[in-house]
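Participant: After the structure tokens below, expect a handful of questions from me.
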Amino acid sequence: MKILITGAAGYIGGMLADQFSLGPEVEEIVCIDKDPITDLLRENKKITWIKNDLSEDGWQKEIENKKIDVAIHCAWQIRDFYIQSRLQKRWNEIGSEKFFDFVFENKIKKLIHFSTVSSYGALSSNRLDRPFIENDPQREDEYRYGVQKKRVEFYLKKKFSGSSKETQVFIVRPTTITGPRERYMMGKQGLLYVLRGTETSKKSGMMNMLRHFLKSMPVASDDWCRQYIHEDDVTDIVGLLAFSKIAEKYEVFNIAPKDIIRANEMAEIFGRKTMRVKPWLVRIIFDLAWDFTWGRIPTSPGGWRFFCFPIPVDGSKITSKYNFEYMYSSKDALTKDEGRYAYAKKAVDSSQ
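According to this note's numbering, the sequence shown is numbered sequentially starting from 32.
Dropping the structure here:
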């Protein structure tokens, strides 16, 4: 089997390339990324690295004769650019469209695309007793990440509808992905990590300063919560879709364990007290921080709603259809340094 993975220098793409290369049935993994190959994959004999921007042409010629069996699209510029929004759109939307075009034109057997639950939209009308299912409308219309993912999904569905249906399409919409690889190998700088009083980043003095002054966790609504999926569960779900015989031609899956983490529980995990605030105040603070820091603090337009209102999702479809069982709860994914990359924490601890 030959696998094609985009965004392999990133968190998810690199993890999938690393883990799937261990399979004896995998002959070659072709990785495309605009960045150089990472240390994780550098010595891997099954990896073929193509350094190229998906939104530019040229990479197609390098792999059109590879006879790829499965294509996995992970490449994405998640963190919003303050100034270069057109570049971000080109990388994300045009790059995805060119990749999908290539997959269908070359009749690759399977395409697995990473979308997001953010496309459902963090709205005040969202209810914890009515989690989103895959057929619910994607209502996000401001937050760039959710909007662009929604547009790309629309393009993919249209592309599939007009095709010969020789390529199976699987779309996964994960909730927040985490685990020891994310925490200790990727240097993530999400806003919630500011609440971890024990963590310090060498990369962002602005974030460290914010961490120092933010003594309490702001809570803007009674229903605010988060779900987390462990990186190992993500790998296993994608592996199930990639390596198993599946009859359906086009399927969408929310991927998230059932449990949610409420605001008070989140504050307890991070060792903080809660502080009640109004949503309008969160919006003002986000807008000011975005403009004042030129985007160095990731509070891009529309992002404030994701810290005020919940996006609960039902991730049981993958279980009911294919008997997949999540190994980790949301809380375990967030708090336990367990799994295939648990060694990353040990390496960090030994270096200190």
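All C-beta atoms in this analysis are idealised placements derived from N, C-alpha and C, irrespective of residue type, glycine included.
Is DSSP giving GLU282 helix, strand or coil here?
Facilitator: Taking the first residue of the sequence shown as position 1, residue 282 is located at position 251. Note: GLU282 maps to strand in three-state DSSP.
Participant: Can the beta-carbon of LEU35 be found closer than 8 Å to that of VAL57?
Facilitator: Taking the sequence shown and counting its residues from 1, the one referred to as residue 35 is at position 4. Taking the sequence shown and counting its residues from 1, the one referred to as residue 57 is at position 26. For LEU35 and VAL57, no; Cβs fall outside 8 Å.
Participant: May I ask you to report which of helix, strand or coil DSSP gives TRP80?
Facilitator: In the sequence shown, the residue the question calls residue 80 occupies position 49. Looking at TRP80 - three-state DSSP - the assignment turns out to be strand.
Participant: Measuring only the C-alpha atoms, how far is LEU47 from ASP380?
Facilitator: Here residue 47 refers to the residue found at position 16 of the sequence shown. Here residue 380 refers to the residue found at position 349 of the sequence shown. Their Cα atoms are separated by approximately 25 Å.
Participant: For the region 136 to 144 and the region 321 to 331, state whether three or more C-beta atom pairs, one from each stretch, are separated by less than 8 Å.
Facilitator: Short answer: they don't touch.
Participant: In the DSSP assignment, what residue or residues form a beta bridge with ARG336?
Facilitator: Taking the first residue of the sequence shown as 1, we reach residue 336 at position 305. Answer by DSSP bridge pairing: none, since ARG336 is not bridged.
Participant: Taking the beta carbon of TYR42 as the centre, do at least 16 other beta carbons fall within 10 Å, making it buried, or is it exposed?
Facilitator: Position 11 of the sequence shown, counted from the start, is the residue given in the question as residue 42. Burial call: buried.
Participant: Tell me, to the nearest whole angstrom, how far the beta carbon of TYR259 is from that of THR330; I am working on the premise that it is less than 8 Å.
Facilitator: Here residue 259 is taken as the residue at index 228 of the sequence shown, counted from 1. Here residue 330 is taken as the residue at index 299 of the sequence shown, counted from 1. At roughly 21 Å, the Cβ-Cβ gap does not stay under 8 Å, so TYR259 and THR330 are not in contact.
Participant: Any chance you could list the alpha helix (DSSP H) runs of at least 4 consecutive residues sitting entirely within the region 109 to 197, in chain order?
Facilitator: Listed in chain order, the complete alpha helix (DSSP H) runs (minimum 4 residues) inside the region 109 to 197 are 116 to 120, 126 to 136 and 175 to 192.
Participant: For SER150 and GLN169, which I take to be in contact (beta-carbon distance under 8 Å), what is that distance rounded to the nearest angstrom?
Facilitator: Sequence index remark: in the sequence shown, residue 150 carries index 119 (1-based). Sequence index remark: in the sequence shown, residue 169 carries index 138 (1-based). The pair is a contact, with the Cβ atoms about 4 Å apart (cut-off 8 Å).
Participant: Do you know offhand how far ASN386's Cα is from LYS352's?
Facilitator: Because the chain in this structure spans residues 32 to 383, residue 386 falls outside the shown range and cannot be described.
Participant: Specify the secondary structure class of GLU93 as computed by DSSP and reduced to three states.
Facilitator: Mapped onto the sequence shown, residue 93 falls at position 62. GLU93: helix per DSSP, three-state reduction.
Participant: The beta strand (DSSP E) with PRO205 in it runs from where to where?
Facilitator: The residue labelled residue 205 in the question sits at position 174 within the sequence shown. It spans 199 to 205 - the beta strand (DSSP E) in which PRO205 sits, taken as one unbroken run.
Participant: Spell out a yes or no on whether the region 252 to 268 and the region 278 to 296 are touching, meaning 3 or more CB-CB pairs, one atom from each, closer than 8 Å.
Facilitator: Because the criterion of three Cβ pairs below 8 Å is met, the region 252 to 268 and the region 278 to 296 touch.
Participant: In three-state terms, what does DSSP make of SER382?
Facilitator: Locating residue 382 in the sequence shown gives position 351, where the first residue counts as 1. Three-state result, SER382: helix.
Participant: Excluding sequence positions up to five away, which residues of its chain have a Cβ less than 8 Å from the Cβ of LYS304?
Facilitator: By one-based count along the sequence shown, residue 304 stands at place 273. LYS246, SER247, MET248 and ALA298, listed in sequence order.
Participant: Assuming the contact rule is C-beta atoms closer than 8 Å, SER387 and LYS188 should be a hit. Round their C-beta distance to whole Å, please.
Facilitator: There is simply no residue 387 to check, as the chain begins at 32 and stops at 383 in what is shown.
Participant: Below 8 Å, can you find three or more Cβ-Cβ pairs linking the region 347 to 362 to the region 263 to 282?
Facilitator: In short, these stretches touch, since the Cβ pair count reaches three.
Participant: Around the C-beta of MET216, are 16 or more other C-beta atoms found within 10 angstroms, so that it is buried, or is it exposed?
Facilitator: The sequence position of residue 216 within the sequence shown is 185, counting from 1. It is buried - the Cβ of MET216 has at least 16 other Cβ atoms within 10 Å.
Participant: Need the endpoints of the alpha helix (DSSP H) that ILE260 sits in, please.
Facilitator: Here residue 260 refers to the residue found at position 229 of the sequence shown. Segment 259 to 261 is the beta strand (DSSP E) holding ILE260; no alpha helix (DSSP H) there.
Participant: Quick one: measure Cβ to Cβ for GLY193 and GLU171, integer angstroms, because I've assumed they're closer than 8 Å.
Facilitator: Counting from one through the sequence shown, the residue named residue 193 turns up at place 162. Counting from one through the sequence shown, the residue named residue 171 turns up at place 140. The Cβ separation is near 25 Å, so there is no contact.
Participant: Going by other Cβ atoms of all chains shown within 10 Å of its Cβ, with 16 needed for buried, is ALA378 buried or exposed?
Facilitator: Here residue 378 is taken as the residue at index 347 of the sequence shown, counted from 1. ALA378 is exposed by the Cβ-count criterion.
Participant: One question on the structure: do LYS92 and LYS33 come within less than 8 Å of each other, judged by their Cβ atoms?
Facilitator: Your numbering for residue 92 matches position 61 in the sequence shown. Your numbering for residue 33 matches position 2 in the sequence shown. In this structure, LYS33 does not lie closer than 8 Å to LYS92 by Cβ.
Participant: How far does the beta strand (DSSP E) with ARG307 in it extend, from its first residue to its last?
Facilitator: Here residue 307 corresponds to residue number 276 of the sequence shown, with the count starting at 1. 304 to 307 is the extent of the beta strand (DSSP E) around ARG307.
Participant: Would you mind sorting TRP311 into buried or exposed? The rule is 16 or more other CB atoms within 10 Å of its CB.
Facilitator: Translated into the one-based positions of the sequence shown, residue 311 becomes position 280. Exposed: under 16 other Cβ atoms inside 10 Å.
Participant: Return the CA-CA distance between PHE284 and PRO55, expressed in angstroms with no decimal places.
Facilitator: Stepping through the sequence shown from its first residue, residue 284 is reached at position 253. Stepping through the sequence shown from its first residue, residue 55 is reached at position 24. Straight-line Cα distance between these residues: approximately 27 Å.
Participant: Under the DSSP definition of a beta bridge, which residues are partnered with ARG293?
Facilitator: Your numbering for residue 293 matches position 262 in the sequence shown. Note: ARG293 sits in a beta bridge opposite CYS256.
Participant: I need the boundaries of the beta strand (DSSP E) containing LYS352, first residue and last residue.
Facilitator: Start at 1 with the first residue of the sequence shown, and residue 352 comes out as number 321. Looking at the DSSP string, LYS352 is not in any beta strand (DSSP E); the run it does join, the alpha helix (DSSP H), is 348 to 353.
Participant: With a threshold of 6 Å on Cβ separation, who are the neighbours of ALA40 within its own chain once the five nearest residues in sequence on each side are excluded?
Facilitator: The sequence position of residue 40 within the sequence shown is 9, counting from 1. Closer than 6 Å at the Cβ level, and outside the excluded window around ALA40, lie ASP64, ASP66 and THR69.
Participant: Would you call PHE185 buried or exposed, if buried means 16 or more other Cβ atoms sit within 10 Å of its Cβ?
Facilitator: Reading the sequence shown from its first residue, position 154 is the one you call residue 185. PHE185 should be labelled exposed.
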